[in-house]
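Protein chains: 2
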Amino acid sequence: MSEEHLETLRAAGGDAVAPPKERPATSRDARLLRRLLDALGSPPVRVTLWNGETIATRDPVPATIRIHSRAALLKLLLNPELHFGEAYADGTVEVEGDLVQLLEDAYHAMPPTRASSGLMRRVSGWLNGERRNTLAGSQRNIHRHYDLGNDFYRLWLDRDMLYTCAYFPTRQATLEEAQTAKLDHVCRKIRLRAGETVYEAGCGWGAFALHAATRYGAKVRAFNISREQIAFARERARALGLQDRVEFVEGDYRNMSGRCDAFVSIGMLEHVGREHYRGLGAIIDRCLTNEGRGLIHSIGRDRAEPLNAWIGKRIFPGAYPPTLREMMDIFEPQGFSVLDVENLRLHYALTLRHWLERYEHARERVRAMYDEAFVRTWRLYLAGSIAAFNAGALQLFQVVFNRSGHNDVPWTREHIYLPAAR
Amino acid sequence: MSEEHLETLRAAGGDAVAPPKERPATSRDARLLRRLLDALGSPPVRVTLWNGETIATRDPVPATIRIHSRAALLKLLLNPELHFGEAYADGTVEVEGDLVQLLEDAYHAMPPTRASSGLMRRVSGWLNGERRNTLAGSQRNIHRHYDLGNDFYRLWLDRDMLYTCAYFPTRQATLEEAQTAKLDHVCRKIRLRAGETVYEAGCGWGAFALHAATRYGAKVRAFNISREQIAFARERARALGLQDRVEFVEGDYRNMSGRCDAFVSIGMLEHVGREHYRGLGAIIDRCLTNEGRGLIHSIGRDRAEPLNAWIGKRIFPGAYPPTLREMMDIFEPQGFSVLDVENLRLHYALTLRHWLERYEHARERVRAMYDEAFVRTWRLYLAGSIAAFNAGALQLFQVVFNRSGHNDVPWTREHIYLPAAR
Chain G
142 MSEEHLETLR
152 AAGGDAVAPP
162 KERPATSRDA
172 RLLRRLLDAL
182 GSPPVRVTLW
192 NGETIATRDP
202 VPATIRIHSR
212 AALLKLLLNP
222 ELHFGEAYAD
232 GTVEVEGDLV
242 QLLEDAYHAM
252 PPTRASSGLM
262 RRVSGWLNGE
272 RRNTLAGSQR
282 NIHRHYDLGN
292 DFYRLWLDRD
302 MLYTCAYFPT
312 RQATLEEAQT
322 AKLDHVCRKI
332 RLRAGETVYE
342 AGCGWGAFAL
352 HAATRYGAKV
362 RAFNISREQI
372 AFARERARAL
382 GLQDRVEFVE
392 GDYRNMSGRC
402 DAFVSIGMLE
412 HVGREHYRGL
422 GAIIDRCLTN
432 EGRGLIHSIG
442 RDRAEPLNAW
452 IGKRIFPGAY
462 PPTLREMMDI
472 FEPQGFSVLD
482 VENLRLHYAL
492 TLRHWLERYE
502 HARERVRAMY
512 DEAFVRTWRL
522 YLAGSIAAFN
532 AGALQLFQVV
542 FNRSGHNDVP
552 WTREHIYLPA
562 AR
Chain W
142 MSEEHLETLR
152 AAGGDAVAPP
162 KERPATSRDA
172 RLLRRLLDAL
182 GSPPVRVTLW
192 NGETIATRDP
202 VPATIRIHSR
212 AALLKLLLNP
222 ELHFGEAYAD
232 GTVEVEGDLV
242 QLLEDAYHAM
252 PPTRASSGLM
262 RRVSGWLNGE
272 RRNTLAGSQR
282 NIHRHYDLGN
292 DFYRLWLDRD
302 MLYTCAYFPT
312 RQATLEEAQT
322 AKLDHVCRKI
332 RLRAGETVYE
342 AGCGWGAFAL
352 HAATRYGAKV
362 RAFNISREQI
372 AFARERARAL
382 GLQDRVEFVE
392 GDYRNMSGRC
402 DAFVSIGMLE
412 HVGREHYRGL
422 GAIIDRCLTN
432 EGRGLIHSIG
442 RDRAEPLNAW
452 IGKRIFPGAY
462 PPTLREMMDI
472 FEPQGFSVLD
482 VENLRLHYAL
492 TLRHWLERYE
502 HARERVRAMY
512 DEAFVRTWRL
522 YLAGSIAAFN
532 AGALQLFQVV
542 FNRSGHNDVP
552 WTREHIYLPA
562 AR
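Taken in order, these protein sequences are the chains called G and W. Under our numbering, the first residue of the first sequence is numbered 142, with each subsequent residue one higher. Under our numbering, the first residue of the second sequence is numbered 142, with each subsequent residue one higher.
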């Protein structure tokens, strides 16, 4: 991404409010603010209160936060993770400067989480109204995010509407190139062959299914419970004359039956819920042929933590990024063998940079479709996700597997990378 | 490997005893034998008892097992996993035909293990005299296997005495080529650079350390508690004039101190013991620089099981091949991030085929050094290991990691495979 683009991004991420006259911070409110900054590990930032009192943890800082009311400050003290997002969305907190860098610095400064105990996870889930992914629960959770309207996502996703981490062969690749490269990366990793049947769990707007059919000659059954996405995908399949090779099923992955040579899931596991991993494994076991291969692509964690409270409330209800250890619940009980794991977290940070850049260019149209709070909510979500992937608070795992003891697997991984394969 | 070589191997693996006259199996002993075969899942095999009674589970079979006494049959019924090895070693059980194929078929036929519960594991450990890997325990366990004598290992390992899974760029590569390729594979995966310091835990006869120094310009501190191996490695370092760049420390990995840019362990984790994984992680955390990378190469499992009882008793006391889930105890608590996992189990099967072939060529010399029971014990261990890796009962994981949130990592894995890198 060019420096010029980054400049646009920084400018766009910042709020253009007239700064109040800054003055030394000595009041009781300022002492509360100091306590807040201490609790957050003192990230590099300047904070200005409604009365002009200002604290800078060091100099220079990537951004200035303006807190416009005592109520907002008190809420931040109570639960910064949740209320920073809430206050940013309604404008009682504004950010001037580099929003992404501010958040990335905040991730790095944050003291190691105490939240990984089972108890803390349950409490956090309860406080934040965790939504369980039963069949009906998943339907609600997925509808909430993915059925916002294809027109909205079209404003800032790539041409083929891929809403998952891209694979950038080089950092200079365009988003379109990187999303196509991701689809090839997946197909090569499972060594997809013409005539094979692929089951896809959680197919988004259908780009993988259509790619696997047109470029690799596969037959694909692709499942999704987002009605808007399925309608879009079916329309694309019709336009491409692929109705007989690609079937888009409006249904839960738990309804899969029949047999497939390859099982692929790109960006669905985040919505499955830990308690359903064994069940997912059993469904793959039911469907996969003996020599079949599978790939699961998912956001993950280096250690178990609850989802960010604000993201869980406003963006992805019911979502959870698992650790590799937790993902093993899919594979171990069914006798699957993990062949390959790749961590692509920096590719997700770059993917999100492209999305945020396009989003900012389209923000007037987003405002016209929704409102200013929505514009700010999604900006913070995209910027915060860049920061989380860059800072290692989130990972992106691609896991390739097959049935234990079956030997029809590539001898090395060279075939994924040789220029001849590209 | 050529067909001719495989023929030699098959012939060598078989025992050349004059077969007793075979007759239908109707006696009480034969009924016991049928029960044994049923319990083992009826693998394809012919078994002949001391009295000539013969049972074939199907036709053709890869091998014939001759059981020379009722005592041997009864012991097999009691604990086939342990006593097949014991009886094979002392010659009361002999095998004619393809020993590797016989064992591989047996792995495939075996009913799914019930042994993965914590209780069964403890019972099994107790029955088989599990040796805990305390500092002194490790010393005893390692001495038992690795101090058998460099002369013994020289008979059947490659030129550089690598006693871990090789990496065959193609199946046709020689063992020497594949072991060198493995060392390069490891160095590339951690993107080792000139001038960097590598700590190696469990360095065998020193091949990796010397390779990293000569080919990559690294400084290496390599730890090993096997006195014979360290002596050999130091001699090689002297001969190559590398004393100032490679230090071989006769000591436990738990004694590591100082700072390294890369941490490497190839084939040691199997001897560390599950209860010490967190401790190993803490030692890596103590030594690794912020931008450092690590690689752990270890035999593993798709699901948790106790080590084969006979291998634990006769070959590797105190050893345990972990699952990926269990390996996470090294990484998660310290905030390491898993970047890459590769499963090379079929490369280990091929490595072992080369070793077994060389071993059989040297068997007269092995017999002269030890005795016939030793020759047979090690043949069964090598053949059984080929079978276990081919059948998926064992895996070989290479795990690359770094500190969570540190971004000085290769952008893709292409650099490992590009011809320019080789």
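In this text, a Cβ means the ideal position worked out from N, Cα and C, and glycines have one as well. Since the structure is predicted, the reported quantities are computational estimates derived from the model, not experimental observations.
query: Per-residue contacts from Asn-220/W into chain G (C-beta, under 7 Å); result: Per Cβ cutoff of 7 Å: no residues; Asn-220/W is ~23 Å from chain G at best.
query: Best match in Glu-473/G, Ile-407/G and Trp-451/G for proximity to Leu-521/G [C-alpha to C-alpha]; result: Trp-451/G
query: Leu-465/W Cβ short of 6 Å to the ligand ATP heavy atom set; result: Ligands in the displayed structure: none, and consequently the ligand ATP is not present.
query: Beta-carbon proximity of Asp-443/W to Ser-439/G, cut-off 7 Å; result: no
query: Residues bridged to Val-387/W [DSSP beta-bridge criterion]; result: Val-361/W
query: Interface flag, Glu-483/G vs chain W, CB-CB below 7 Å; result: yes
query: Nonlocal neighbours in the same chain, by C-beta distance under 7 Å from Leu-480/W, ignoring five residues either side; result: Val-541, Phe-542, Asn-543 and Val-550
query: Partners in chain W for Val-327/G, counting only beta-carbon separations shorter than 9 Å; result: Those do not exist, as Val-327/G stays about 14 Å from chain W at its closest Cβ, beyond 9 Å.
query: Backbone secondary structure at Ser-406/G - three-state DSSP; result: strand
query: Amino acids of chain W, ordered along the chain, whose beta-carbon sits closer than 9 Å to that of Leu-487/G; result: Asn-548, Val-550 and Trp-552
query: Member of Arg-169/G, Gly-347/G, His-547/G and Gly-459/G whose CA lies at the smallest distance from the CA of Leu-383/G; result: Gly-347/G
query: Cutoff 8 Å; reference Val-482/W; Cβ partners in own chain excluding five residues on either side; result: Leu-465, Phe-538, Gln-539, Val-540 and Val-541
query: Residue from Thr-311/G, Gln-313/G, Ser-279/G and Ala-319/G whose Cα sits closest to the Cα of Leu-298/G; result: Ala-319/G
query: Beta-carbon separation (whole angstroms), Gly-459/W vs His-412/W, contact threshold 8 Å; result: 6 Å
query: Residue burial classification, Thr-518/W (beta-carbon count within 10 angstroms, cutoff 16); result: buried
query: At least three beta-carbon pairs within less than 8 Å, the segment 523-532 of chain W to the segment 490-501 of chain W; result: yes
query: Positions along the segment 426-455 of chain G whose CB lies within less than 7 Å of some CB in chain W; result: Asp-443 and Arg-444
query: Beta-carbon proximity check, Ile-196/G vs Leu-174/G, cutoff 7 Å; result: yes
query: Interface positions of the segment 455-478 of chain W facing chain G (Cβ-Cβ less than 8 Å), listed along the chain; result: Thr-464, Leu-465, Arg-466, Met-469, Phe-472, Glu-473, Pro-474, Gly-476, Phe-477 and Ser-478
query: Beta strand (DSSP E) segment containing Leu-465/G, residue limits; result: Run containing Leu-465/G: none in the beta strand (DSSP E); it sits in the alpha helix (DSSP H), 465-472.
query: Helix, strand or coil at Cys-328/W [DSSP, three-state]; result: helix
query: Residues near Gly-420/G by beta carbon distance below 8 Å, same chain, minus five either side; result: Arg-395
query: Opposing strand residues paired with Cys-401/W [DSSP bridges]; result: Leu-429/W
query: DSSP three-state assignment for Phe-293/W, whether helix, strand or coil; result: helix
query: Own chain partners of Leu-289/W with C-beta closer than 7 Å, once the 5 adjacent residues on each side are dropped; result: none
query: At least 3 beta-carbon pairs within less than 8 Å: the segment 367-379 of chain W vs the segment 399-408 of chain W; result: no
query: Between the CA atoms of Gly-336/W and Ala-350/G - distance to the nearest angstrom; result: 47 Å
query: Whether Ser-545/G touches Gly-476/G by CB criterion (7 Å); result: yes
query: Coarse secondary structure for Ile-366/W, derived from DSSP in three states; result: coil
query: Buried or exposed by the 16-neighbour rule on C-beta atoms within 10 Å, applied to Asp-512/G; result: exposed
query: Residue burial classification, Leu-559/W (beta-carbon count within 10 angstroms, cutoff 16); result: exposed
query: Any C-beta of chain G under 7 Å from that of Leu-190/W; result: no
query: Spatial neighbours of Val-327/W in its chain, beta-carbon cut-off 8 Å, leaving aside the 5 residues before and after; result: Phe-349, Val-405, Ile-407, Leu-436, His-438 and Gln-539
query: Against chain G: residues of the segment 533-546 of chain W by CB proximity under 7 Å; result: Gly-533, Gln-536, Ser-545 and Gly-546
query: Start and end residues, alpha helix (DSSP H) containing Asp-231/W; result: 221-231
query: 8 Å contact criterion, which Val-516/G and Arg-504/G should meet: CB distance rounded; result: 5 Å
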